[in-house]
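S.K.: Chains A and B are the protein sequences, given in the same order. Read in the numbering used here, the first sequence has 193 at position 186, and its numbers run on one by one without any break. Read in the numbering used here, the second sequence has 191 at position 92, and its numbers run on one by one without any break.
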Amino acid sequence: MSDHGGVVAAATGAEALSTELPVGRSAGWWGMVMFVATEATLFACLLGSYFYLRFQYGPTWPPDGIETPELLTPLVMTAVLLPSSLPVVWAERGIRQGQRWRLRSGLAATIVLGVTFLALEAAEYAETLKRFTMTTDVYGSLFYLITGFHGLHVLVGLTMLGWLLAASLRDGSFGSHRHERVRNAAIYWHFVDLVWVAILFTVYLSPRL
Amino acid sequence: MSTTTTPPPGVSAQDLARLAEHWAERPTLRGWFSTVDHKKIGRRYLVTAGFFFVLAGLSALVMRTQLARPEAGVVSPQEYNQLFSMHGTAMIFLFATPMLFGFGNFLVPLMIGARDMAFPRLNAFGYWVFLFAGLFMWASLPFGAAPNNGWFAYAPLSEEQHNPGLHMDVYALGLLFLGISTTAASINFIVTALKLRAPGMSLNRVPLFVWAIVATAFMVIFALPALNADNAMLFLDRRFGTHFFDPSAGGNVLLWQHLFWIFGHPDVYIIVMPALGIVSAVLPAFTRRGVVGYPLIVLSIVSISIISFGVWVHHMFATGLPQLSYSFFSAASTIITIPSGIQIFAWLATMLLGRLVLRVPLLYVIGFVVTFVLGGFTGAMFAVTAFDQQVTDSYFVVAHFHYVLIGGAVFPMLAGIYYWLPKITGRMYHERLGRWAFWLVFAGMHVTFFPMHLYGLFGMPRRVYTYRSEPGWDGWNLVSTVGSYLLAVGLLLVLVGVVHALRRGRPAPPDPWEGDSLEWTTASPPEPYNFPVQPRVHSLHPAWDERTADSVGAGATADRILSDGRRTLITSELDAHPERAVQMPESTLMPLVLAGALLIFFTSMLLAWYPVAAVAALAVVATIAVWLWPPRRPDEELGVAR
Chain A
8 MSDHGGVVAA ATGAEALSTE LPVGRSAGWW GMVMFVATEA TLFACLLGSY
58 FYLRFQYGPT WPPDGIETPE LLTPLVMTAV LLPSSLPVVW AERGIRQGQR
108 WRLRSGLAAT IVLGVTFLAL EAAEYAETLK RFTMTTDVYG SLFYLITGFH
158 GLHVLVGLTM LGWLLAASLR DGSFGSHRHE RVRNAAIYWH FVDLVWVAIL
208 FTVYLSPRL
Chain B
100 MSTTTTPPPG VSAQDLARLA EHWAERPTLR GWFSTVDHKK IGRRYLVTAG
150 FFFVLAGLSA LVMRTQLARP EAGVVSPQEY NQLFSMHGTA MIFLFATPML
200 FGFGNFLVPL MIGARDMAFP RLNAFGYWVF LFAGLFMWAS LPFGAAPNNG
250 WFAYAPLSEE QHNPGLHMDV YALGLLFLGI STTAASINFI VTALKLRAPG
300 MSLNRVPLFV WAIVATAFMV IFALPALNAD NAMLFLDRRF GTHFFDPSAG
350 GNVLLWQHLF WIFGHPDVYI IVMPALGIVS AVLPAFTRRG VVGYPLIVLS
400 IVSISIISFG VWVHHMFATG LPQLSYSFFS AASTIITIPS GIQIFAWLAT
450 MLLGRLVLRV PLLYVIGFVV TFVLGGFTGA MFAVTAFDQQ VTDSYFVVAH
500 FHYVLIGGAV FPMLAGIYYW LPKITGRMYH ERLGRWAFWL VFAGMHVTFF
550 PMHLYGLFGM PRRVYTYRSE PGWDGWNLVS TVGSYLLAVG LLLVLVGVVH
600 ALRRGRPAPP DPWEGDSLEW TTASPPEPYN FPVQPRVHSL HPAWDERTAD
650 SVGAGATADR ILSDGRRTLI TSELDAHPER AVQMPESTLM PLVLAGALLI
700 FFTSMLLAWY PVAAVAALAV VATIAVWLWP PRRPDEELGV AR
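#1: In whole angstroms, give me the CA-to-CA distance for R561 (chain B) and F486 (chain B).
#2: Exposed or buried, which one is T154 (chain A) when buried takes at least 16 other CB atoms within 10 Å?
#3: By how many angstroms is the C-alpha of A657 (chain B) removed from the C-alpha of H11 (chain A)?
#4: On the DSSP bridge assignment, give the partners of V667 (chain B) in chain order.
#5: Would you call E618 (chain B) buried or exposed, if buried means 16 or more other Cβ atoms sit within 10 Å of its Cβ?
#6: Closer than 8 Å between beta carbons: that is the criterion. Which residues of the segment 177-194 of chain A meet it against chain B?
#7: Hey, is the segment 379-389 of chain B in contact with the segment 610-625 of chain B, meaning 3+ C-beta pairs nearer than 8 Å?
#8: Please state whether DSSP places R458 (chain B) in a helix, a strand or coil.
#9: Which residues in chain A have a C-beta closer than 7 Å to the C-beta of A348 (chain B)? List them in chain order.
#10: Return the chain-ordered list of same chain residues with a C-beta closer than 6 Å to the C-beta of Y518 (chain B), the five sequence neighbours on each side being excluded.
#11: Compute the Euclidean distance between the alpha carbons of L207 (chain A) and I73 (chain A), then round it to the nearest angstrom.
#12: What runs of the alpha helix (DSSP H), each 4 residues or longer, lie entirely inside the segment 526-565 of chain B?
#13: With a threshold of 7 Å between beta carbons, is A98 (chain A) in contact with chain B?
#14: If you drop the 5 nearest sequence neighbours on each side, which residues of the same chain put their C-beta closer than 6 Å to that of R143 (chain B)?
#15: Three-state secondary structure (DSSP) at P606 (chain B)?
#16: Are any of the Cβ atoms in chain B nearer than 7 Å to that of A44 (chain A)?
#17: In angstroms with no decimal places, state the Cα-to-Cα distance between I443 (chain B) and M300 (chain B).
#18: Helix, strand or coil, according to DSSP, for S493 (chain B) in the structure here?
#19: So which of A:L110, A:P70, A:Y59 and A:T67 has the shortest CA-CA distance to R188 (chain A)?
#20: Helix, strand or coil for I118 (chain A) per DSSP?
#21: Between I320 (chain B) and chain A, is any beta-carbon pair separated by less than 7 Å?
#22: Return the CA-CA distance between S158 (chain B) and P729 (chain B), expressed in angstroms with no decimal places.
#23: Can you give me the Cβ contacts of T104 (chain B) inside the same chain, cut-off strictly under 7 Å, excluding the 5 residues immediately before and after it?
#24: Given a cut-off of 7 Å, decide if V210 (chain A) and G350 (chain B) are closer than it, judged by their beta-carbon atoms.
#25: Using a Cβ cut-off of 7 Å (strictly closer), state whether A23 (chain A) contacts chain B.
#26: Roughly how many angstroms lie between the CA atoms of V271 (chain B) and G149 (chain B), to the nearest whole one?
#27: In chain order, what residues of the segment 34-66 of chain A put their CB closer than 7 Å to some CB of chain B?
#28: Name, please, each residue of chain D whose Cβ falls closer than 7 Å to the Cβ of N222 (chain B).
#29: Evaluate L688 (chain B) with the Cβ neighbour count: other Cβ atoms within 10 Å of its Cβ, from every protein chain shown; 16 or more gives buried, anything less gives exposed.
#30: If you draw a straight line from the alpha carbon of S703 (chain B) to that of V714 (chain B), how long is it in whole angstroms?
#31: Have a look at W411 (chain B) and A431 (chain B) and give me their C-alpha separation to the nearest angstrom.
#32: Give the C-beta separation of V290 (chain B) and M236 (chain B) to the nearest angstrom, bearing in mind that I take them to be a contact with Cβ-Cβ under 8 Å.
#33: Is the Cβ-Cβ distance between F139 (chain A) and G147 (chain A) less than 7 Å?
#34: By the three-class DSSP mapping on this structure, what secondary structure does R190 (chain A) have?
#35: Does DSSP put V410 (chain B) in a helix, in a strand, or in coil?
#36: Return the first residue and the last residue of the alpha helix (DSSP H) that Q106 (chain A) is part of.
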């Protein structure tokens with residue numbers, strides 16, 4: 008430790024700071040929020056393109072020969088994905104109090120729900136691919152681009168959570184003073200989760216309106 | 100090296116030694132590739148963007164040579180298509196924005212009194228991605244596979260059935276690749292400006308250049324996704340048979356234009372805004388007073404960045420959209436001239452009320468005002484739909500946007516190069532050489548582009564590889580070509596001036612201009628840690644302010660020296676109250692490895708080696724996982740419940 012500056016240096020030294028509770032929003036929080044903002048804009052562009060192409064196309068949508076999408080699977084997918092944010096919140100609260108078991112079990116629960124969502128999406132694709140593909144017409148292109156792009160985001164989110172889980176199984180990764188990575192991955196997961204609601208409305212519900 | 104030999108009062112020699120030790124990077128080859136220092140990264144951005152500028156400029160010279168006389172055969176039509184497409188694409192994406200981001204990278208931490216960017220490793224990653232994406236795009240030219248569809252790549256011409264070959268795949272993938280860099284840099288600028296400002300630098304004391312960079316970064320965050328979505332759809336259409344822009348299967352060609360210009364119009368301001376910030380930064384030193392109307396300029400910056408999202412259809416007045424939308428976008432395009440006008444009048448008032456010091460940077464600022472106002476004037480003409488429909492796709496448009504972009508972006512950049520050269524290199528430039536270069540550039544620019552207004556009005560369309568003699572465009576075209584050579588000689592003299600300064604320039608003092616912002620309180624070039632003491636800011640012009648000077652002299656305190664580690668201060672977003680000191684990351688090769696993996700991914704996507712692309716994607720994931728893996732810490736430090 009430095010003796011220069013005496014008391015002040017002691018109060019701002021590395022050890023003093025690392026045990027001090029964070030004040031205000033950190034740089035990492037802002038970085039993740041900005042990243043989510045730009046990603047959300049990307050989804051907005053895709054959904055905007057969906058409506059633009061739909062209303063430019065004409066009165067029948069989906070185009071002739073394709074039925075309006077089934078609702079059962081997507082509603083089950085919604086019921087799986089939306090609550091999947093809760094275990095992450097619970098895990099994050101837990102590690103803020105230094106409880107590693109909550110972090111580990113919460114992450115594991117969310118990963119199970121996320122993988123279930125992807126499995127359901129794969130099952131749905133197996134069904135829809137028999138009827139139309141992304142080269143059939145513009146409806147197929149939009150359907151698979153938007154749901155596939157979201158599925159990719161779920162996969163990225165799951166990779167983040169799996170990575171966190173792997174790190175948290177080792178001692179010495181996270182604690183009440185060090186959980187920024189957990190919070191940032193949680194923000195991303197909540198985003199992936201919420202943007203699904205907009206996709207459910209656009210791709211599955213709006214053709215029925 | 101540094102011209103400061105005695106430590107400033109308030110900092111002990113031990114503190115300086117410790118700072119130097121914690122912030123030093125080894126001068127080895129590995130150190131060169133692994134640096135995370137924002138000043139080195141900023142310099143690399145400037146040099147690399149300058150290199151792409153030279154390539155794009157040489158493309159323009161070839162085109163002007165071809166157009167010097169009617170029915171010339173210097174290049175074939177196919178080559179001409181690639182030249183004008185690469186010229187535009189490179190000038191916009193590989194030169195203008197990265198050049199200004201280079202200034203931002205070098206200057207933002209210095210201007211706000213910080214020791215680095217908020218995310219130094221992300222910053223290094225952004226640079227490597229920019230370099231690789233630029234090389235990726237330029238490398239297609241020798242193979243005759245460069246983009247050939249104009250810089251805005253309109254569908255349906257850009258679709259596979261009308262434009263086979265790799266040309267537009269290079270465009271779509273190259274811009275998606277580059278977008279990673281631009282987005283990363285923008286997030287970094289926003290967070291740096293929000294969290295790393297020196298204590299006391301509340302929002303009303305933030306330099307105008309930093310305001311401009313942050314507004315630009317916000318525009319990138321919300322505009323670039325539209326371009327990315329567009330390019331992703333184009334690539335899927337071309338490569339995997341989707342139908343987004345294919346009317347025969349329900350797609351729509353105008354979707355491309357809408358998304359492109361939802362990005363593209365904000366992009367005009369993404370390019371011009373930081374350049375206007377340079378003007379606001381240069382003026383105080385050469386008028387010996389602060390810029391008039393600081394709050395008004397800040398409000399115009401913010402309002403331009405918002406209104407710019409509502410004017411995109413003025414690029415589409417000739418596409419047959421509903422009349423009502425024309426009226427709306429015409430009105431919005433007229434309104435946006437008001438905040439732009441406010442800035443111009445604020446600078447004119449600054450010059451009127453100040454005492455002018457007529458050095459090269461100020462010459463460029465004056466050249467900027469003249470040229471940019473002329474470009475803005477023709478811009479206001481385009482806001483009138485009827486006029487726009489008459490001159491669209493003619494050389495009048497080419498004249499307009501070169502006046503805006505050379506006047507509004509290149510002149511301020513040149514002002515910035517001369518102004519900050521002493522800070523960046525530690526050397527002074529040659530004043531007479533600089534003046535010669537200025538007059539050649541200024542004259543060359545106007546001789547090249549002013550006649551384009553005329554032969555545009557006389558009906559010459561843009562993007563034609565040649566023309567016949569009958570319409571009477573020959574003479575004016577020859578004038579343009581002569582002008583372009585003049586401009587090239589002028590720009591060459593700028594380059595000579597920079598090299599001369601590096602080799603023979605006399606050493607620069609820390610503050611050769613008596614500037615008003617914090618970068619002039621550091622050494623020239625700055626030490627790796629920038630500030631021996633992070634200042635406490637007391638005014639909008641901290642370098643002209645006694646109390647701020649005192650805070651790094653006799654009033655220096657250990658909580659702003661932070662010599663026991665590689666650390667910088669985090670402050671609150673609005674008022675810049677100190678929150679805590681944070682540890683800054685050390686240099687690493689990770690950013691380079693990650694950018695390299697991405698380069699392999701995009702190259703193999705281009706060449707349709709999909710298994711290689713899949714492996715590269717896994718390498719990307721693995722690199723990020725290793726990069727961000729948490730270090731092992733003892734339980735007491737982590738705070739673990741038992």
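All residues carry an ideal CB built from backbone N, CA and C; glycine is no exception.
M.R.: Short version:
#1: Those two C-alpha atoms are separated by around 17 Å.
#2: Counting of Cβ neighbours within 10 angstroms places T154 (chain A) among the buried residues, the total reaching 16 or more.
#3: With a pLDDT of 42 at H11 (chain A), under the threshold of 50, the modelled position of that residue is not reliable, and no figure is offered here.
#4: The sequence given here has Thr at residue 667 (chain B), not Val. Beta-bridge pairing links T667 (chain B) to B:V681.
#5: Buried, by the Cβ-count rule.
#6: Only those residues of the segment 177-194 of chain A whose C-beta falls short of 8 Å from the nearest C-beta of chain B are listed: R177, D178, G179, S180, F181, G182, S183, H184, R185 and R188.
#7: Put simply, the segment 379-389 of chain B touches the segment 610-625 of chain B. At least three CB pairs are less than 8 Å apart.
#8: Three-state DSSP puts R458 (chain B) in coil, outside helix and strand.
#9: D144 and V145, listed in chain order.
#10: Once the five neighbours on either side are set aside, the close Cβ partners of Y518 (chain B) are V381 and P460.
#11: Approximately 18 Å between the Cα atoms of the pair.
#12: Those alpha helix (DSSP H) runs which fall completely within the segment 526-565 of chain B and span 4+ residues are 530-556.
#13: Not an interface residue.
#14: In its chain, beyond the 5 residues on either side, Y226 have a beta carbon closer than 6 Å to the beta carbon of R143 (chain B).
#15: The DSSP-derived three-state label of P606 (chain B) is strand.
#16: A44 (chain A) counts as touching chain B.
#17: Whole-angstrom Cα-Cα distance: 26 Å.
#18: If DSSP states are grouped into helix, strand and coil, S493 (chain B) belongs with the strands.
#19: Among A:L110, A:P70, A:Y59 and A:T67, the Cα nearest to that of R188 (chain A) belongs to A:L110.
#20: Three-state result, I118 (chain A): helix.
#21: Chain A, which has a Cβ nearer than 7 Å to the Cβ of I320 (chain B), makes this yes.
#22: In a straight line, the C-alpha of S158 (chain B) is about 48 Å away from that of P729 (chain B).
#23: Because the pLDDT of T104 (chain B) is 49, which lies under 50, any placement of that residue in the model is unreliable, and the number read from its coordinates should be weighed accordingly. There are no such residues.
#24: With contacts defined as CB atoms closer than 7 Å, G350 (chain B) and V210 (chain A) fail to qualify as a contacting pair.
#25: Only weak support exists for where A23 (chain A) lies, its pLDDT of 47 falling under 50; the coordinates are left without a value.
#26: Going by the sequence as given, residue 271 (chain B) is Ala instead of Val. In a straight line, the C-alpha of A271 (chain B) is about 23 Å away from that of G149 (chain B).
#27: Residues are counted here when their Cβ sits less than 7 Å from a Cβ of chain B; for the segment 34-66 of chain A these are A34, W37, G38, M41, F42, A44, T45, T48, L49, C52, L53, S56, Y59, L60, Q63 and Y64, given in chain order.
#28: Checking the listed chains, one finds no chain D in this structure; the protein chains it contains are A and B.
#29: Classification for L688 (chain B): exposed.
#30: S703 (chain B) and V714 (chain B) have their C-alpha atoms some 10 Å from each other.
#31: In a straight line, the C-alpha of W411 (chain B) is about 9 Å away from that of A431 (chain B).
#32: Contact check for V290 (chain B) and M236 (chain B): beta-carbon distance about 28 Å, past the 8 Å limit, so the pair fails to qualify.
#33: In this structure, G147 (chain A) lies closer than 7 Å to F139 (chain A) by Cβ.
#34: Assignment of R190 (chain A) by DSSP, reduced to helix, strand and coil, places it in the helix class.
#35: In this structure, V410 (chain B) counts as coil in the three-state DSSP scheme.
#36: No residue range can be given for Q106 (chain A), since it is assigned to no alpha helix (DSSP H) and is classified by DSSP as neither H nor E.
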